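This report concerns only the one structure given below.
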Amino acid sequence: MTTTRCRKISVLVGGILLSSPLALTHFYGNLLPYLASYFQARKDSMIYFMDPLWMATMFRSFFSLAMVFTSPMELRFGKFPCIIAGAIGMCVSVLCGYVAVDEPMALTLTFGVTHGIAVGVVYSLTLKLLLQIWDDKGGTAVGFMAIAPPLGAMINIGMAYCVINPTNKEADLRVGKHVYFSDAEIIHNVPHYFLVMGGGLVLSNVIGISLLYYGSSNFKHESFTQATQSSTNHKSNGQSGSASLCDRQSHIRRVPDRHDEPLKSAPTAQNRNYNSTTSEDGPTSREQCNDKAQNGNYQSTISEDGPTSREQSNDKAQSSCEEIEALQNETSKQRFTADFSPKEMLCTRQFWLVWLCCLGISHSFFIHLSLYKEYGQLTISNDALLASLAMLGMVGMIVIRPNVGLFSDKFGICTTAFAMCASSGLFMGLVVVGFYVSAAMFVIMTLITFVLVSLQLMVISLLTSHFFGQTHYASNMGLVCSGQFLLIFLEPFIVAAITNHLGWDFLFLSGSLSAAVAAVAEMALEGT
């Protein structure tokens, strides 16, 4: 294994460790009933009571908002200072939860707002660094890094169960359309979860940042050294390794008259020198160049030993044609990999389709991952089974996410995104069907939906990078996610309104419908 590959893997492993504790939205659905029970038990002693669902709402809102301002901060302070600051913010916000949990407003500001800002900075910059280092296999690298959030969520779900409800006691207190835990031991254990989670977060962040910094800094140094050596070698051969496209085109135009001696004249009707293979608009096609070479339209050049043969002239023309074709391919590649600034991106049709897709799948994502356990508790009283269901869902994410990256590299990100949105809508509707058919069917459909809706951020990240480039990736990603802002702030009201007036079934069916809207947006995007 080469040194460069080892360093790339070091960056990937560091990114996985740094990103593993980030996915509050993935494990919050398991934690929410414990927090709701804790708030319900201490409701009379609280200054201001809040629905714990607001924590997930504020986290997602400020997570997206932080990404909008990440690029300016990166340019001002540097990538790694921002990553380190974000990591410190994550650790502090979780550890403070041990005290803040007594007041829902304080916990919302720390575990929701502060944690969301820190995660937005760390996630976007880590992903950007990974895309830069693994530029040739971006989808594959992002796919492997995407196993980190479900891995961290799986650990958090198991840890929450072991710390808060290790004896598998049932939720036995029904208030309206909700079910809570009434056991005093469970209520007492809730604050300790934040201490255990915070300790694990500190450890993973320290190791992750160390690997990330080591791999990326050495990789940049090696790339610079190789580029310098390549430039020196090219200059020794009379070429410039760092020449611009225009310089290289100019060099090609000078090839036939690099000698100071005049060209030998041919009959006027066929007197065309080498420069006729280029025009004001750039090089002509390779076929035109080859035709001229075959027809003998190039004049033979004069060397110190006399005129060269026609075969030598044709060989030179053929070589020049290959250089011209390489330039044309390079120009075409640059044209289709242009980076968009946030302002330029807003003027494209692709942005609004990606924005709509993100908006549609956002509701499905929020409803299923945040409320699957509360919905399931209405028919399944076994807390260990529901926690295991979420952990199996995280295992499914770990297995499928790298394959989604490979699939997107092979078949295209638009096709991948459409398959994800359409399948999410279908299986989220089947969750409601399974609720009434049997507990086994509910568990299976919930498990499959876990895997599908959790791909949202990964797929949106790849779409943003694919259509709008990497230079302004963090800010562009924040703008793409901006469509979630109003919806996320409305989610607690939407959930309360639908569950109180229509019931839990219609809440999950609304998630199925929004995923279908996202699939339609993807169909339109694939045609652009």
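Residue numbering for the sequence shown follows this note's numbering, beginning at 722 and increasing consecutively. Heads up, the beta-carbon is just placed ideally off N, CA and C, and yes, glycines get one too. Here the structure is a predicted model, which means the values were calculated and not measured.
Cβ neighbour criterion (16 or more within 10 Å) applied to residue i
| i | result |
| --- | --- |
| P871 | buried |
| F865 | buried |
| I1134 | buried |
| L933 | buried |
| L1106 | exposed |
| P793 | exposed |
| G1224 | exposed |
| G799 | exposed |
| V1172 | buried |
| G1232 | buried |
| C883 | exposed |
| V820 | exposed |
| A1242 | buried |
Straight-line Cα distance separating residue j from residue i
| i | j | result |
| --- | --- | --- |
| A905 | F801 | 44 Å |
| M1166 | A1236 | 16 Å |
| I1023 | T1136 | Below a pLDDT of 50, predicted positions are generally treated as unreliable, and I1023, at 40, falls in that range; the measurement from the model is reported next regardless. Each residue's alpha carbon lies about 57 Å from the other. |
| S785 | L756 | 24 Å |
| L1110 | L1168 | 7 Å |
| F780 | I1215 | 17 Å |
| D1130 | L852 | 13 Å |
| F790 | S1196 | 6 Å |
| F719 | V1174 | The first residue shown for the chain is 722 and the last is 1249, placing residue 719 beyond what the model contains. |
| V911 | R726 | 44 Å |
| A1239 | T724 | 42 Å |
| T746 | A777 | 6 Å |
| L743 | G841 | 9 Å |
| G807 | V843 | 6 Å |
| I876 | P887 | 15 Å |
| R1070 | E891 | 51 Å |
| P825 | Y901 | 17 Å |
| M1252 | L738 | In the structure as shown, the chain starts at 722 and stops at 1249, and residue 1252 therefore has no counterpart that could be examined. |
| G810 | V1120 | 30 Å |
| N1103 | S938 | 49 Å |
| M1112 | A874 | 8 Å |
| H827 | L796 | This sequence places Ala at residue 827; His is not what is there. Each residue's alpha carbon lies about 32 Å from the other. |
| E1212 | R728 | 43 Å |
| F1156 | L1228 | 13 Å |
| S782 | I730 | 32 Å |
| I854 | S1062 | 21 Å |
| G879 | L894 | 23 Å |
| A707 | G1097 | Past the boundaries of the shown model lies residue 707; the chain is included only from 722 to 1249, so the question cannot be answered. |
| A1218 | S1182 | 32 Å |
| L1230 | M1149 | 7 Å |
| V1152 | H899 | 19 Å |
Nearest neighbour of residue i, chosen from the options [CA to CA]
| i | options | result |
| --- | --- | --- |
| V1158 | W775, T1100 and F798 | T1100 |
| F1072 | R728, L1184, G1224 and G1232 | L1184 |
| C812 | L1106, F1227, L933 and F915 | F915 |
| M1198 | H1187, L1207 and L1208 | H1187 |
| W775 | I1082, Y749 and F798 | Y749 |
| V734 | Y759, G936 and S758 | G936 |
| I1209 | H1084, K1064 and Q1098 | H1084 |
| K849 | L894, G736, V815 and S782 | G736 |
| G919 | L752, S814, I878 and R895 | S814 |
| H909 | L1147, F760, V1154 and S1231 | F760 |
| L752 | L1127, A787, I805 and A881 | A881 |
| G897 | V1116, G929, E1095 and A821 | E1095 |
| I805 | T829, L830, A839 and D1060 | A839 |
Residue i: first and last residue of the uninterrupted beta strand (DSSP E) it sits in
| i | result |
| --- | --- |
| H747 | First-last for H747: L745 to A762, but that is the alpha helix (DSSP H), not the beta strand (DSSP E). |
| Y901 | H899 to Y901 |
| L894 | L894 to V896 |
N- and C-terminal bounds of the alpha helix (DSSP H) containing residue i
| i | result |
| --- | --- |
| Y1096 | R1070 to G1097 |
| G736 | T724 to S740 |
| F1214 | Q1205 to H1222 |
| P802 | K800 to L816 |
| C1135 | I1134 to V1158 |
| H1187 | Q1177 to F1189 |
| L1067 | P1063 to L1067 |
| S766 | No alpha helix (DSSP H) contains S766, which DSSP labels as neither H nor E. |
| N877 | A869 to I885 |
| F783 | L774 to V789 |
| K849 | H836 to I854 |
Any non-hydrogen atom of the ligand ATP within 7 Å of residue i CB
| i | result |
| --- | --- |
| L932 | In the structure on display, the ligand ATP does not appear, and there are no ligands present to speak of. |
### Message
Between the region 1077-1085 and the region 1139-1149, can you find at least three pairs of beta-carbon atoms closer than 8 Å?
### Response
yes
### Query
Pairing CB atoms from the region 1087-1100 with CB atoms from the region 832-843, are three or more of them under 8 Å?
At 8 Å Cβ cutoff, the stretches do not touch.
### Query
Is the region 1203-1217 touching the region 1184-1193, taking contact as three or more C-beta pairs under 8 Å?
no
### Message
Within 8 Å, do at least three Cβ pairs link the region 1178-1185 to the region 757-769?
### Response
no
### Task
Specify whether the region 919-932 and the region 768-776 touch according to this definition: at least 3 beta carbon pairs, one from each stretch, less than 8 Å apart.
no
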